[in-house]
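Enquirer:
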Ligand SMILES: NC(=O)c1ccc[n+]([C@@H]2O[C@H](COP(=O)([O-])OP(=O)(O)OC[C@H]3O[C@@H](n4cnc5c(N)ncnc54)[C@H](OP(=O)(O)O)[C@@H]3O)[C@@H](O)[C@H]2O)c1
């Protein structure tokens, strides 16, 4: 048997350390040999929960099946891992100290007879791997990361536009992921609202945030989908702190009613994620007389966010995350053309991209205005992710790009990061892709004048005050 034994102290509460390690999927954040990890068992993490961890070997990789054998709350975690070559038993004992938590990590390896000789020879290598992993765990828990500087590669790719755009594919995510910091911040007491959580990126973000223990309000427009979504996420994560609210967000009457219900509840809002969206290939107006992409993609997040501002202001470190799109890179802010007229020129993609460009400008304006109130407002774009929205609105694009599209979870990763990561608090008014600040323009021709930005704010404020005064 080969035994690795390390002891470290971290300045985090024993509750947070226990929660972070017992979700063994976090191993991919701190163990340098772990390439990926996923939870196999549905429900809350408990004795018997299984995880699959793919670890790198000097040549190739090996897949380990881990089972949580024992879980004594805030005290002891015992995991048994098996693969074709060895069995490993990890015993992690936690002790609360005056300044944090002492972690005693013991890993006992039993190698299969055929490779036990090789293992004995590489015992030194194993010991140093063990030390490195526990040091990685301690660093992840210390959580002293800074916002990453945009890499040189990304800056050059963006300047060349086309290579920049290829980064929207899975390629970009795979590249970006290599530089991701661990995310050990606890969100257990955080209340987050996500719009459009019934499918695609919104669902993926909700699932991940629920797994991390956040208190969620999911906004959806269809009662049956809402019930199914909440039931699915609760079954997968065991998180019971998930509620839903019904609203058709293209209708301002529904947005206002939602705001009123949230205010009635009065719960501070730590994170607001404006994600709901759609690309409409034909032009239509809502019953309230707004062009539908303008209503859903711009006026709705404007009114919702302004309406929920008092609840955001009640939270300790509030954040707003606006989901925009790489499509906006093709459009300049054209305030007068936001509600595209009903002409033969109508293009769903252009209408969509214009609202996303305007939402980006709004993100920057809010960031400035709300800095004093301590509300961080950022935008992200997910790249190209394979979601029901893309399948329905852009079937040809999907056919061409299917092999390189990101999964919904990969597309939603930066939403989750902006909601959770400690270092994300350093940013406001920025645009992110793959946890990296990205330029708001790739082409000089899309830059707007300050006068046009002011015009956008005047338009939205004007429409909003008209709605406030309208009889209901
Ligand atoms: N996927 C991508 O590659 C990509 C790229 C760039 C930007 N985005 C942006 O990412 C966000 C999510 O898109 P997705 O790809 O995940 O699309 P999706 O799978 O179609 O999900 C969109 C979500 O928005 C909801 N929604 C649509 N209209 C609504 C309305 N009137 N009221 C309330 N909810 C409404 C949908 O509800 P239903 O289930 O009821 O339809 C669904 O939950 C959007 O803002 C989109 O513009 C996506």
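Residue numbers (the numbering used here): 1 to 472.
Using N, Cα and C, we set each Cβ at its ideal position, and we do this for glycine too.
1) Hey, would you say the C-beta of residue 354 is under 6 angstroms away from at least one heavy atom of ligand 1?
2) Less than 8 angstroms between C-beta atoms, sequence neighbours within five positions excluded: which residues of the same chain meet that for residue 459?
3) Which of helix, strand or coil does DSSP assign to residue 203?
4) Compute the distance between the beta-carbons of residue 10 and residue 95, then report whether it is under 7 angstroms.
5) Ignoring anything shorter than 3 residues, give me the beta strand (DSSP E) runs that lie fully in the segment 346–423, in order along the chain.
6) Helix, strand or coil for residue 53? Go by DSSP, reduced to three states.
7) Where does residue 97 land, buried or exposed, given buried means 16+ other C-beta within 10 angstroms?
8) With DSSP as the reference, label residue 344 as helix, strand or coil.
9) Can you determine whether any heavy atom of ligand 1 sits closer than 6 angstroms to the C-beta of residue 256, and answer yes or no?
10) Please confirm whether any heavy atom of ligand 1 lies closer than 6 angstroms to the CB of residue 296.
11) What does DSSP give as the partner residues of residue 476 in its beta bridges?
12) Use the C-beta contact count for residue 191: other C-beta atoms within 10 angstroms, 16 or more gives buried, fewer gives exposed.
13) On the criterion of 16 or more Cβ atoms from any shown chain inside 10 Å, does residue 266 qualify as buried, or is it exposed?
14) Are residue 203 and residue 226 closer than 7 angstroms when you measure CB to CB?
15) Consider the C-beta atom of residue 201 and the heavy atoms of ligand 1; say whether any pair is separated by less than 6 angstroms.
16) If I follow the unbroken beta strand (DSSP E) through residue 108, where does it start and stop?
17) Going by beta-carbon coordinates alone, are residue 295 and residue 250 separated by less than 7 angstroms?
18) Quick one: Cα of residue 259 to Cα of residue 133, how far?
19) Let me know the secondary structure DSSP gives residue 44 once reduced to three states.
20) Which runs of the beta strand (DSSP E) spanning at least 3 residues fall entirely within the segment 220–277, listed in chain order?
21) Could you pull the DSSP bridge partners for residue 181 from this structure?
22) Please return the same chain residues whose Cβ sits closer than 7 angstroms to the Cβ of residue 27, not counting the five positions on each side in sequence.
23) Does any residue of chain D have a CB that is nearer than 7 angstroms to the CB of residue 438?
24) With the cut-off set at 7 angstroms, would you say residue 210 and residue 242 are in Cβ contact?
25) If we call anything under 7 angstroms between Cβ atoms a contact, is residue 419 one with residue 230?
26) For the beta strand (DSSP E) that contains residue 152, what are its first and last residues?
27) Pull up the distance between the alpha-carbon of residue 366 and that of residue 235, whole angstroms please.
28) Consult DSSP for residue 432 and reduce its assignment to one of helix, strand or coil.
29) Near residue 426, what residues of its chain come up, given a Cβ to Cβ distance below 6 angstroms and the 5 sequence neighbours on each side ignored?
Expert: In short, the structure shows the following:
1) Start at 1 with the first residue of the chain shown, and residue 354 comes out as number 354. No - ligand 1 has no heavy atom lying nearer than 6 angstroms to the Cβ of residue 354.
2) Numbered from 1 along the chain shown, position 459 holds the residue referred to as residue 459. Excluding sequence neighbours, residue 459 sits near 335, 338.
3) Counting from 1 along the chain shown, the entry for residue 203 is found at position 203. If DSSP states are grouped into helix, strand and coil, residue 203 belongs with the helices.
4) Position 10 of the chain shown, counting from 1, holds the residue named residue 10. Position 95 of the chain shown, counting from 1, holds the residue named residue 95. No.
5) 376–380
6) As a working mapping, residue 53 is identified with position 53 in the chain shown. Looking at residue 53 - three-state DSSP - the assignment turns out to be strand.
7) Stepping through the chain shown from its first residue, residue 97 is reached at position 97. The residue in question, residue 97, is exposed, as its Cβ has fewer than 16 Cβ neighbours within 10 Å.
8) As a first step, residue 344 is located in the chain shown; it is residue number 344 there, counting from the start. Note: residue 344 maps to coil in three-state DSSP.
9) As a working mapping, residue 256 is identified with position 256 in the chain shown. Checking the Cβ of residue 256 against ligand 1 gives no.
10) Reading the chain shown from its first residue, position 296 is the one you call residue 296. Indeed, a heavy atom of ligand 1 lies less than 6 angstroms from the Cβ.
11) No answer is possible for residue 476: the residues shown for the chain start at 1 and end at 472.
12) Counting from 1 along the chain shown, the entry for residue 191 is found at position 191. It is buried - the Cβ of residue 191 has at least 16 other Cβ atoms within 10 Å.
13) If you number the chain shown from 1, residue 266 lands on position 266. Per the 10 Å Cβ criterion, exposed.
14) On the chain shown, residue 203 is found 203 positions in, with the first residue counted as 1. On the chain shown, residue 226 is found 226 positions in, with the first residue counted as 1. No.
15) For the purposes of this step, residue 201 is identified with residue 201 of the chain shown, where counting begins at 1. For ligand 1, at least one heavy atom lies less than 6 angstroms from the Cβ of residue 201.
16) On the chain shown, residue 108 is found 108 positions in, with the first residue counted as 1. That run of the beta strand (DSSP E) goes 101–111.
17) For the purposes of this step, residue 295 is taken as the residue at position 295 of the chain shown. For the purposes of this step, residue 250 is taken as the residue at position 250 of the chain shown. Yes, these two residues count as a Cβ contact at 7 angstroms.
18) Your numbering for residue 259 matches position 259 in the chain shown. Your numbering for residue 133 matches position 133 in the chain shown. Whole-angstrom Cα-Cα distance: 46 angstroms.
19) The residue given as residue 44 occupies position 44 in the chain shown. Coil.
20) 242–246, 271–274
21) Counting from one through the chain shown, the residue named residue 181 turns up at place 181. DSSP output for residue 181 lists no bridge partner at all.
22) Translated into positions along the chain shown, residue 27 becomes position 27. Excluding residues within five positions, the ones whose Cβ falls inside 7 angstroms are 34, 37, 53.
23) No chain D appears in the structure shown, which is made up of a single protein chain.
24) Residue mapping note: residue 210 aligns to position 210 of the chain shown, counting from 1. Residue mapping note: residue 242 aligns to position 242 of the chain shown, counting from 1. Yes; because the gap between Cβ atoms is below 7 angstroms, this pair is in contact.
25) Working through the chain shown from its first residue, we reach residue 419 at position 419. Working through the chain shown from its first residue, we reach residue 230 at position 230. No, Cβ-Cβ distance for residue 419 and residue 230 is not below 7 angstroms.
26) Stepping through the chain shown from its first residue, residue 152 is reached at position 152. Here residue 152 belongs to no beta strand (DSSP E); instead the alpha helix (DSSP H) covers 152–159.
27) Position 366 of the chain shown holds residue 366. Position 235 of the chain shown holds residue 235. Distance between the alpha carbons of residue 366 and residue 235 is about 37 angstroms.
28) Numbered from 1 along the chain shown, position 432 holds the residue referred to as residue 432. In the structure shown, residue 432 sits in a strand (DSSP, three-state: E or B).
29) Stepping through the chain shown from its first residue, residue 426 is reached at position 426. Contacts found: 147.
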